[in-house]
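Asks: As you go down the protein sequences, you meet chains A and B in turn. Residue numbering for the first sequence follows this note's numbering, starting at 21 and increasing by one per position. Residue numbering for the second sequence follows this note's numbering, starting at 674 and increasing by one per position. Cβ atoms here follow ideal geometry from the backbone N, Cα and C, with glycine treated the same way. Handing you this structure, nothing more for now.
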Amino acid sequence: MIAEFGHIALIFALTIALVQAVVPMLGAARNDERLMLVGNTAALGQWIFILIAFFALMNAYVTSDFSVANVANNSHSAKPLIYKIAGVWGNHEGSLVLWVLILSTFGGAIVLFGGNLPPALRARVLSVQALVAIGFLSFSLFTSNPFERLAPAPLDGVGLNPLLQDPGLAIHPPFLYLGYVGFSIAFAFAIAALVEGRVDAAWARWVRPWTLVAWSFLTIGIALGSWWAYYELGWGGWWFWDPVENASFMPWLAGTALLHSSIVSEKRDALKAWTILLAIVTFSLSLLGTFLVRSGVLTSVHSFASDPARGAFILGFLVIVVGGSFILFALRAPKLRSGGLFAPVSREGGMVINNLLLSAAAATVLLGTLYPLFVDALGAGKVSVGPPYFNTVFIPLMTPLILLAGIAPMLTWKRSDLAGMFARMRVALGVSFLVLFWFVYQKWGNTVFGALGMAISAWLAVAVLWDWVIRVRLLEGSLTGSFSRAIRIPRSTYGMMCAHFGVAVLVAGITASSAWKIEAIQVMEPGDSVSVAGYEYLFQGVSQTQGPNYSVDRGHFVVTRDGSLVTELWPENRFYPVQQQPTTEAGIHTRWNADLYAVVGDPDGQGGWSTRIYHNPLVVWIWLGAFIMAFGGVLSLSDRRHRIGAPRRSQDSLPISASRSRTAH
Amino acid sequence: MTRKRRRLYIIISATVFLGGATALIVGAFRDNLVFFFSPTELTERQTPIGQRIRLGGLVEEGTFVRKDDGLTVSFFITDLNQNIRVSYQGILPSLFREGQGVIVQGKLESHDHFIADQVMAKHDENYMPPEVADALKKSGQWKESAQ
């Protein structure tokens, strides 16, 4: 019965969304307060009904109700509780319910926190949000009903793909969705602004926190996915330029650009049309990512049951959203008058270059991801575009971006001078050259790219710290003076510094783990040892044990360095009898400067086992960097100005000089 | 600075960036596209030896051999019409099994011997890579039950 309640709740939510899409928009056009307020009630109602549906589905999973087809296909009674819960979104139908739940939660949040939003703008935003919800709710109800019954009910379920039975992956989808769907709010604001025909600083002030929320979640979601690939797939790598990875990376790149351009729109009233366009593009890329991952056109762990009807539905939805919003943009954008002028050398100028580089990067990933599909659709054969392409294209695009991230925060708004900026950058420049020479000297004969990457990372890290030193005048005047200045720096600025510092950490991790990774593959018998990067790996053999719903072949390595014990590694090969499927768990010991990583393969039939040992320098810095970046986003979000939300429209008619003095930090 | 002037700068820099990015992409594309072949296509077309390609099909039953060094393996990939011997040194993915779909990436050493540096057998056991399914369909050996 509860499953039917869930189904009915979804239908109610769809009906409410239909009302919410039409009535507030009409009210805004007629300036009718009552009609506009319908949007608030509807958004909250939609949220409550989807919440009911979500818990109904979760109940079916937790109680292992195998008469529900979705549960029977994706769960199993012997599965640990956490994976029964995570199983709700570990499949196509259930993940859609999670998607609409997050979408309606954001819609509800607009109502709850948007009290001071101009009523007409809020009504229109809620309308657009409802339009998106209609798309996904009908997708769920008409092509992928999660509550479908099975008669007769099977005795037990098929189980969740063992690769997905992992704590990292259990929380990866919710974070990713919070990111994707968060961008739909920026999108709703963009469309509402186009319909309304005006974009002002208040609008940008509203879009920025939403973009920050979405961006922070997406950053963590991508980091979690990459971390999972690192320890679960047993290939020692953390990013494979797999189409599904690209699918989440494209919105991230566009979203990062949006984050920066919305600052310009907010503070300087410039780049408004561009910001709107980016909001549309970012959400379109999120949809495209969903399409690629869900339609089964790509080969991956995400392509659950592929059904042509679903692919066609999302493709149709994508065409409507992208086509419709671009047409609207083409009609309305010319009317958006651009405000603040700026010289090429200025903080705005820096942001423009940042946006160009990020957009170019997103475009190259898009091309590399879609090209094989085009070629296939044209019947010209099957091709794949591999990591070499992305690496070749990405490094030249990211290098100037990272150099710029060190410089741009030191530029002033509107007009800046290069000479003064270079004077301030002397320290960062000096340190990065020292790092460059040190690494070239240390790793001579090795790739020079590694040393360059480390130098770039050092440049950004030092530039961020030095920027702070200059802002608080640490080297001049009293310490107490510096302290009080440090406190007065707005949190959004600290957030920016934090995020940029995270990029520096990330770049160091990527560089070191790619340039100086060591891989050793060999056959080992118990008692054999192998030396990798100064660490001695003694192989103790393989023993068999049992997990909750799998059996394990567990290898055992004792790792020593100069005769003293460092750690013991226990790589596992698990076998899940329900799905008849094996998985690999790497044995990993993380140190601040390198990961020791071991995998056991097949027995060679003569008492030996093939083993693979990786030495991955600084690899943990990659995820650390990503989390620092996301933390920067959250820190920025806690800024008083973001928390309060948008001031009332009336304040925006203040002369520009007034608003500039507020943002002169 | 006038609005027009600024717009000009933006347009110029955007064009430079776009041009640069396009040049990068075209260059990188030319070198890094990897084509997919089925065993039949590989046998019928004169695929140049030494070119980086992908090959996909089923691991033929009873052909898997492990060499004495314990690391080098060889097996035949078949589309049930033609087959090709593949050699690989390293650890096979845990889902690799005889009779299962597989995609390998590497180079032809001679017209009947493929050296793989990457073996991909992904995800779950009911799953057939679409490329492999197509290859089987083309060779006329596709059975719905095989899926």
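Going by C-alpha to C-alpha distance, which of F521/A, W629/A, T603/A sits closest to F559/A?
Replies: Sorting F521/A, W629/A, T603/A by C-alpha distance to the C-alpha of F559/A places W629/A at the top.
Asks: When the cut-off is 8 angstroms and only beta carbons count, does G779/B lie next to chain A?
Replies: no
Asks: Grab me the residues of Y81/A's own chain with a C-beta within less than 7 angstroms of its C-beta, minus the 5 sequence neighbours each way, in chain order.
Replies: V91, S95, K104, I105, G107, V108
Asks: From V639/A to L55/A, what distance separates their C-alpha atoms?
Replies: 55 angstroms
Asks: Determine the chain B residues that contact D622/A at a beta-carbon separation under 7 angstroms, and present them in chain order.
Replies: L765
Asks: May I ask you to list the residues that DSSP assigns as paired with Q762/B?
Replies: T745/B
Asks: Under a CB-based cut-off of 8 angstroms, is I403/A close to chain B?
Replies: One point to set straight first is that residue 403/A is Val, not Ile, in the sequence displayed. Flagged as an interface residue toward chain B: V403/A, by a C-beta distance shorter than 8 angstroms.
Asks: Applying the 10 Å Cβ sphere with the 16-neighbour rule, what's the burial state of Q719/B?
Replies: exposed
Asks: Do A173/A and F86/A have their beta-carbon atoms positioned less than 8 angstroms apart in this structure?
Replies: yes
Asks: Where in the stretch 52-94 of chain A do unbroken runs of the alpha helix (DSSP H), each at least 4 residues long, occur, reported from the N-terminal end onward?
Replies: 53-82, 89-94
Asks: Which residue's Cα is closest to the Cα of V443/A: D487/A, V339/A, P392/A?
Replies: Per the sequence shown, the amino acid found at residue 443/A is Ala instead of Val. Of the candidates D487/A, V339/A, P392/A, the one whose C-alpha sits nearest the C-alpha of A443/A is D487/A.
Asks: Is it a yes or a no for the stretch 256-267 of chain A touching the stretch 216-230 of chain A, going by three-plus beta-carbon pairs under 8 angstroms?
Replies: Short answer: they don't touch.
Asks: Would Y617/A and G179/A be called neighbours here (beta carbons separated by less than 8 angstroms)?
Replies: no
Asks: Examine chain B for any beta-carbon lying closer than 8 angstroms to the beta-carbon of G245/A, and answer yes or no.
Replies: no
Asks: For G730/B, write down the residues that DSSP places opposite it in a beta bridge.
Replies: V775/B
Asks: Per the DSSP calculation, Y555/A is bridged to which residue(s)?
Replies: According to the DSSP secondary-structure assignment, Y555/A is paired through a beta bridge with V552/A.
Asks: Which first and last residues belong to the alpha helix (DSSP H) in which K292/A is found?
Replies: 292-314
Asks: Closer than 6 angstroms by C-beta to R169/A: which residues in its own chain qualify, once you throw out the five before and the five after it? Chain order, please.
Replies: S87
Asks: Bridge partners for K780/B per DSSP, in chain order?
Replies: R725/B, I788/B, per the DSSP bridge assignment.
Asks: Select from the stretch 415-435 of chain A all residues with a C-beta closer than 9 angstroms to any C-beta belonging to chain B, and list them in chain order.
Replies: P416, L417, R435
Asks: How would you label M21/A, buried or exposed, when you count the other beta carbons within 10 angstroms and need 16 or more for buried?
Replies: exposed
Asks: Could you work out which residues of chain A lie near R676/B, taking near to mean beta carbons separated by less than 7 angstroms?
Replies: Here the neighbours are L361.
Asks: Determine the burial state of F748/B: buried for a count of at least 16 other Cβ atoms within 10 Å of its Cβ, exposed for fewer.
Replies: buried
Asks: Taking all protein chains shown into account, decide if S281/A is buried (16 or more other Cβ within 10 angstroms of its Cβ) or exposed.
Replies: buried
Asks: Note down, in chain order, each residue of its chain lying with its Cβ closer than 7 angstroms to the Cβ of G772/B, except the 5 sequence neighbours on either side.
Replies: Its chain contains L731, V732, E734 as the residues whose beta carbon lies nearer than 7 angstroms to that of G772/B, once the 5 sequence neighbours on both sides are disregarded; these appear in chain order.
Asks: Distance check for S436/A and H112/A, CA to CA, integer angstroms please.
Replies: Looking at the two C-alpha atoms, the distance is approximately 51 angstroms.
Asks: Return the CA-CA distance between L30/A and L157/A, expressed in angstroms with no decimal places.
Replies: 7 angstroms
Asks: In whole angstroms, give me the CA-to-CA distance for E592/A and I211/A.
Replies: 51 angstroms
Asks: List the residues of chain A whose Cβ lies closer than 8 angstroms to the Cβ of N705/B, in chain order.
Replies: V405, G406, P408, Y409, T412
Asks: Taking all protein chains shown into account, do 16 or more other C-beta atoms lie within 10 angstroms of the C-beta of Q462/A, making it buried, or fewer, making it exposed?
Replies: Exposed, because fewer than 16 other Cβ atoms sit within 10 Å of the Cβ of Q462/A.
Asks: Indicate the three-state DSSP secondary structure (helix, strand or coil) for S677/A in the structure shown.
Replies: Note that S677/A scores a pLDDT of 37, beneath 50, so its modelled location is shaky; the value from the coordinates is reported in the next line. Three-state DSSP puts S677/A in a helix.
Asks: From this set, V523/A, A249/A, N79/A, L348/A, which residue's C-alpha is nearest I296/A's C-alpha?
Replies: L348/A
Asks: Grab me the residues of G763/B's own chain with a C-beta within less than 7 angstroms of its C-beta, minus the 5 sequence neighbours each way, in chain order.
Replies: L744
Asks: Given D797/B, which residues of its chain have a CB within under 8 angstroms of its CB, disregarding the five upstream and five downstream residues?
Replies: Here the model assigns D797/B a pLDDT of 46, short of 50, so the residue's position is not dependable, and the following value carries that caveat. Excluding residues within five positions, the ones whose Cβ falls inside 8 angstroms are L768.
Asks: Strictly below 9 angstroms CB to CB, what residues from chain B border I541/A?
Replies: L744, Q762, G763, I764
Asks: Starting from V372/A, find everything on chain B with Cβ-Cβ shorter than 8 angstroms and list it in chain order.
Replies: I683, S686
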